[in-house]
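Here's the structure, in structure tokens; my notes come after.
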Amino acid sequence: TQNIFTVLKLVAAVGLIVIGLTVAPGDQTAHGSMTGLPSPSGVGPITAAIGVALIPVLFSYGGWQQTNFVAEEMVRPERTLPRALILGVLGVVVVYVLANLAYVRQLGVTGLAGSMAPAADVMNRTVGRGGATFISAGIAFSTFGFLNLVILVTPRVYQTMARDGLFFRHVARLHPRYRTPAAAIMYQAAWAVILTLSGTYGQLLDYVVFGDWIFFGLCGVTVVVFRMRDGRAIEAGFRTPGYPWVPTLFVLAALYVVVSSILSNPRNALFGSGLMALGLPVFLYWRRAAGTGRRY
Numbered sequence: 013t014q015n016i017f018t019v020l021k022l023v024a025a026v027g028l029i030v031i032g033l034t035v036a037p038g039d040q041t042a043h044g045s046m047t048g049l050p051s052p053s054g055v056g057p058i059t060a061a062i063g064v065a066l067i068p069v070l071f072s073y074g075g076w077q078q079t080n081f082v083a084e085e086m087v088r089p090e091r092t093l094p095r096a097l098i099l100g101v102l103g104v105v106v107v108y109v110l111a112n113l114a115y116v117r118q119l120g121v122t123g124l125a126g127s128m129a130p131a132a133d134v135m136n137r138t139v140g141r142g143g144a145t146f147i148s149a150g151i152a153f154s155t156f157g158f159l160n161l162v163i164l165v166t167p168r169v170y171q172t173m174a175r176d177g178l179f180f181r182h183v184a185r186l187h188p189r190y191r192t193p194a195a196a197i198m199y200q201a202a203w204a205v206i207l208t209l210s211g212t213y214g215q216l217l218d219y220v221v222f223g224d225w226i227f228f229g230l231c232g233v234t235v236v237v238f239r240m241r242d243g244r245a246i247e248a249g250f251r252t253p254g255y256p257w258v259p260t261l262f263v264l265a266a267l268y269v270v271v272s273s274i275l276s277n278p279r280n281a282l283f284g285s286g287l288m289a290l291g292l293p294v295f296l297y298w299r300r301a302a303g304t305g306r307r308y
């Protein structure tokens, strides 16, 4: 199923890119204009503006981190996982950059900034309503594909937590026939419904990006810790190309995104921090229960 959704959304994306980059824009003056948007001046304001703009962009580029959740089920993950991550991220970058070039070519900077659905607007402008319907279907396939991905991999985290004694014991059990973490999937579905009803999409986006990049940065720090702890061992050591510059730059980038998220919307950052803080006493409780041998 995941492969089918991937192929369908790639077909839609390639169609959008080819049409957007080959069909001449209808109004060269309006669409090619680079004016009309307030531009920050000075290094500080420009840096802050870029950070704010990165918040939704990084979410759209996200998903690579969830590949790690199924490393336990891979054959030779030490080789397969890095290749999957590198090729997957590069593929997404190429497709997204080309799509944005198509947006700018057809809509212009001002038109793109004012569009709530740039892909549909580009297709509607170039090939009519049929094109807009085509790309809307592609977006729907992409959404279902992402949901399928989340359902496939994220419940494995809860299942592993339960197996380690950090969550309800029954969540560790797999379905007897399908070998899937059925209870974990149900918990995730219930929590997703609660989050959906809790606020707007923009608020949820800020919560997710803010929390994601805090832990991404912490994961970058752990690379240094692993290297210092057992880096001398050829087999056991955690080897990172470009060490220490690669993890250092990654941690600095994560810090930049988190600070930008706080500055752009302190209220949402505060709520995001509150959601994460709610998990701390729960974690401490389960860890203590696991240490005493009690399981629920």
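In this text, residue positions in the sequence shown follow this note's numbering: the first is 13, and each later residue adds one. Backbone N, C-alpha and C fix where the C-beta goes; we use that ideal spot for every residue, glycine too.
- With a contact defined as Cβ atoms closer than 8 Å, residue 147 and residue 135 qualify at about 5 Å.
- Counting the other Cβ atoms within 10 Å of the Cβ of residue 137 gives 16 or more, which makes it buried.
- Per DSSP, reduced to three states, the secondary structure at residue 210 is helical.
- The shortest CA-to-CA distance from residue 76 to any of 64, 85, 94 is the one to 94.
- Assignment of residue 188 by DSSP, reduced to helix, strand and coil, places it in the coil class.
- Straight-line spacing of the CA atoms in residue 26 and residue 164 works out to 26 Å.
- Annotation: residue 99 to residue 139 spans about 32 Å, alpha carbon to alpha carbon.
- Of the candidates 233, 277, 241, the residue whose Cα lies closest to the Cα of residue 257 is 233.
- Separation of residue 142 and residue 150 (C-alpha to C-alpha, rounded to the nearest whole angstrom) is 12 Å.
- Below 8 Å, too few C-beta pairs join the region 266-277 and the region 195-206 to call them touching: fewer than three.
- When only Cα atoms are considered, residue 108 and residue 79 end up about 19 Å apart.
- Taking C-beta atoms as the reference points, residue 284 and residue 222 count as a pair closer than 8 Å.
- Pairing residue 217 with residue 71, the inter-Cα distance amounts to about 8 Å.
- By the Cβ criterion, the region 192-199 is in contact with the region 167-181, since at least three pairs of Cβ atoms, one from each stretch, lie closer than 8 Å.
- Under the criterion of beta carbons closer than 8 Å, residue 13 and residue 160 qualify as touching, at roughly 6 Å.
- Note that the C-beta distance between residue 298 and residue 177 is below 8 Å.
- For residue 277, there is no enclosing alpha helix (DSSP H), since its DSSP letter is neither H nor E.
- In the three-state reduction of the DSSP assignment, residue 87 falls in the coil class.
- Counting only residues of its own chain and dropping the five nearest sequence neighbours on each side, residue 83 has a CB closer than 7 Å to the CB of 89, 93.
- Taking all protein chains in view, the Cβ of residue 188 is surrounded by fewer than 16 other Cβ atoms within 10 Å, so the residue is classified as exposed.
- Residue ranges of uninterrupted alpha helix (DSSP H) with 4 or more members, entirely inside the region 127-158 and ordered along the chain, are 130-139.
- Cα atoms of residue 181 and residue 292: separation of roughly 19 Å, rounded to the nearest angstrom.
- Residue 15 counts as exposed, since fewer than 16 other C-beta atoms from the protein chains shown sit within 10 angstroms of its C-beta.
- Annotation: residue 62 to residue 120 spans about 19 Å, alpha carbon to alpha carbon.
- With 16 or more other Cβ atoms from the protein chains shown falling within 10 Å of its own Cβ, residue 270 counts as buried.
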